[in-house]
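In terms of our numbering, the sequence shown opens at residue 33 and continues consecutively. Worksheet: the structure to be examined is printed underneath.
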Amino acid sequence: MILLTGATGQVGLELAKQLSAQGLAARAMTRSAAAADKLKGLAGITPVTGDFDDLASLGAALQGVDRAFLLTNSTERAEQQQLTFVAAAQRAGVKHITKLSQLHAAASSPVRFLRYHAAVEQAIRDSGMTFTFLRPNLFMQGFVGFGGAIAATGKLFAPIGNARVSLIDSRDIAAVALAVLTTSGHEGQVYDLTGPQALTHEDMARQIGMAIGQAVTFVEISPDIMRDAALTAGFPQWQADGLIEDYAHYARHEADGVGPAVSAVTGREARSFAAFLADYKTAFTIKPGAEQ
33 MILLTGATGQ VGLELAKQLS AQGLAARAMT RSAAAADKLK GLAGITPVTG DFDDLASLGA
93 ALQGVDRAFL LTNSTERAEQ QQLTFVAAAQ RAGVKHITKL SQLHAAASSP VRFLRYHAAV
153 EQAIRDSGMT FTFLRPNLFM QGFVGFGGAI AATGKLFAPI GNARVSLIDS RDIAAVALAV
213 LTTSGHEGQV YDLTGPQALT HEDMARQIGM AIGQAVTFVE ISPDIMRDAA LTAGFPQWQA
273 DGLIEDYAHY ARHEADGVGP AVSAVTGREA RSFAAFLADY KTAFTIKPGA EQ
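Encoded structure:
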């Protein structure tokens, strides 16, 4: 039995879809029946109510589970929630955890997200359960929420200079997770997941423009301006600060490596940014009422 957490999010929902498409079964943990609606129509995927802050519900969701996929929402409590899940999984007799982590997770990192992922990875190592850690780079789908603004302004803003980032399509992350959860030989492995090429934000802007048929240019901004913009957009302070730390990490040229893990695990090449844009072109359109 496989348990998926984060089953209605970007990677988790795609993983559920891929499992279902292959005729495979899994239990998908959601916090409510309303959230489980996203899983309707996925044959073999059984929703189960569970809350990372409710030990009883975690125990029920984990009953009879052999392998678990660990993913939580990005909140200030993500580290503690994941540590709670690891302990509950250990008590329930789970044999293997596949954790969605982040590229270059390390306890000594100046990036808070990388430190928290490292702490959870260590807890899993210490638990005695077998594990696989998936460490993806920046998600291509992270640009979707800004697509309309990019199209409306014709600009892509970031404090990153000419640093390259080997960003990855979340569908490829899910494909790797599928293979890890359903085939053997991945125990104890740490997979750095990247796209097939490292791009500057200027490269990305140019490719977005080509995909939507209008000019898009990259504009360098300061970290303070990006933080203020994130706060204005409704990001909580901790998340805005974490975003700045992430971009400082990118700007130091620490996320430009291209690795073979996607093709090695799945047997096919990772999607390019151009291929992602072809599939998500409608996200990069000017929404009604957007400022020109």
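No residue lacks a Cβ here, since even glycine has one placed at the ideal position from N, Cα and C.
Going by C-alpha to C-alpha distance, which of the options sits closest to residue i?
i	options	result
D224	G193, S254, N169	N169
Y312	V290, L231, I240, E301	I240
I34	K49, E46, Q42, L56	L56
G227	Q42, T62, F171, A67	F171
V200	D69, V251, Q229	It should be noted that the sequence gives Ile, not Val, for residue 200. Ranking D69, V251, Q229 by Cα distance to I200 puts Q229 first.
I192	Q113, H218, V251, G217	V251
E108	V97, W270, L263, K72	W270
A3	T40, P268, G96, G217	Residue 3 lies beyond the stretch modelled for the chain, which goes from 33 to 324, so this question has no answer here.
E46	F305, I205, E234	I205
N369	G179, G125, G41	Residue 369 lies beyond the stretch modelled for the chain, which goes from 33 to 324, so this question has no answer here.
If contacts are defined as beta-carbon pairs under 8 Å, then residue i and residue j qualify, I think. What distance do you get, rounded to the angstrom?
i	j	result
L166	V208	6 Å
K127	D98	5 Å
A190	I253	7 Å
R259	D273	7 Å
T232	A195	7 Å
L103	L74	At roughly 17 Å, the Cβ-Cβ gap does not stay under 8 Å, so L103 and L74 are not in contact.
A262	L275	6 Å
A58	V176	Incorrect: roughly 25 Å between the Cβ atoms, too far for contact.
Rounded to a whole number of angstroms, what is the C-alpha to C-alpha distance between residue i and residue j?
i	j	result
L135	L146	8 Å
A183	A138	36 Å
Q221	I129	11 Å
L90	T164	21 Å
Q324	G186	Reliability fails at Q324, whose pLDDT of 42 lies under 50, so the model's placement of it is uncertain and no value is given.
A65	P79	8 Å
P142	A287	14 Å
Q122	I257	44 Å
F101	V152	13 Å
G38	K49	13 Å
L51	R203	12 Å
E111	Y148	6 Å
A93	A280	38 Å
A155	T162	12 Å
L115	L71	26 Å
V43	L36	10 Å
Q173	I77	24 Å
T264	H285	28 Å
R63	G82	5 Å
T249	A306	16 Å
L309	A150	32 Å
S140	A60	33 Å
Q28	T215	Residue 28 cannot be examined here, being either before or after the span of the chain that is shown, 33 to 324.
H218	S304	25 Å
G160	F117	14 Å
Using DSSP bridges, identify the partner residues of residue i.
i	result
T164	T130, Q221
A60	L36, P79
I192	The partner list for I192 (beta bridge, DSSP) is empty, contrary to what the question assumes.
F84	In the DSSP output, where bridge partners are listed per residue, F84 has none listed.
T249	K187
F101	L36, T130
F171	I200
L71	Per DSSP, none; premise fails for L71.
Counting pairs of Cβ atoms below 8 Å between the region 76-86 and the region 230-244, do you hit three or more? no
Should the region 296-304 be regarded as contacting the region 210-218, the criterion being three or more beta carbon pairs within less than 8 Å? yes
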